[in-house]
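Here's the structure we're looking at; comments come further down.
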Amino acid sequence: MKKRLLLTLGVLSLLSISEGIAQDKKSNTPQNREQTTKSYSKEATPVRSRISLEQLSRNFTKAYNEKYADKRVDYDRWAIFDFMIEPDGTASYTEVMRSDLDESEHINLIQLIDKVTMNTWEPASLKGKKIQMQYTLKVGVMGN
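Note that my numbering has the sequence shown beginning at 27, numbered continuously upward.
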């Protein structure tokens, strides 16, 4: 009987503590959170590609296999690129951040990704003005 009573008191105290924490979190949330989110999305838009990421990977794989027919991959490989997308939609300062492919291939990968993503970027904007923004992209080279 004592164990049951102690268990019940323990559960009730935990419930009251969790309610107090939830109320504290609620009081710390800004009242105009929805307005802030809406006004932010109206003022700023991120960089985006006109082509889906899946299609970019397919195009990249096709370009890689055409250019390097002797180096086809047996299983899926990945490369992570970092770009600076300019206000006119062009990519600059492209670099390979990480890749499953040989490091000596990085220059070739950069040339391929520049070719594959040419004219695909919609630049970021802030308050209606197009701006330069960094963008990171993970692209696959699909195996046979």
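Where is the CB? At the ideal position from N, CA and C, for every residue including glycine.
query, result
"Note down the Cα distance separating residue 83 from residue 156, rounded to an integer number of angstroms.", "27 Å"
"The beta strand (DSSP E) with residue 89 in it runs from where to where?", "Where residue 89 is concerned, there is no enclosing beta strand (DSSP E), although the alpha helix (DSSP H) it sits in stretches over 79 to 93."
"Among the candidates 121, 144, 145, 169, whose CA atom is the shortest distance from the CA of residue 160?", "121"
"Tell me whether residue 140 sits in a helix, a strand or coil according to DSSP, three-state version.", "helix"
"If you draw a straight line from the alpha carbon of residue 137 to that of residue 146, how long is it in whole angstroms?", "15 Å"
"Quick check: residue 151 and residue 71, are their CB atoms within less than 7 Å of each other?", "yes"
"Quick check on the DSSP output: the beta strand (DSSP E) that includes residue 76 runs from which residue to which?", "Run containing residue 76: none; DSSP gives neither H nor E here."
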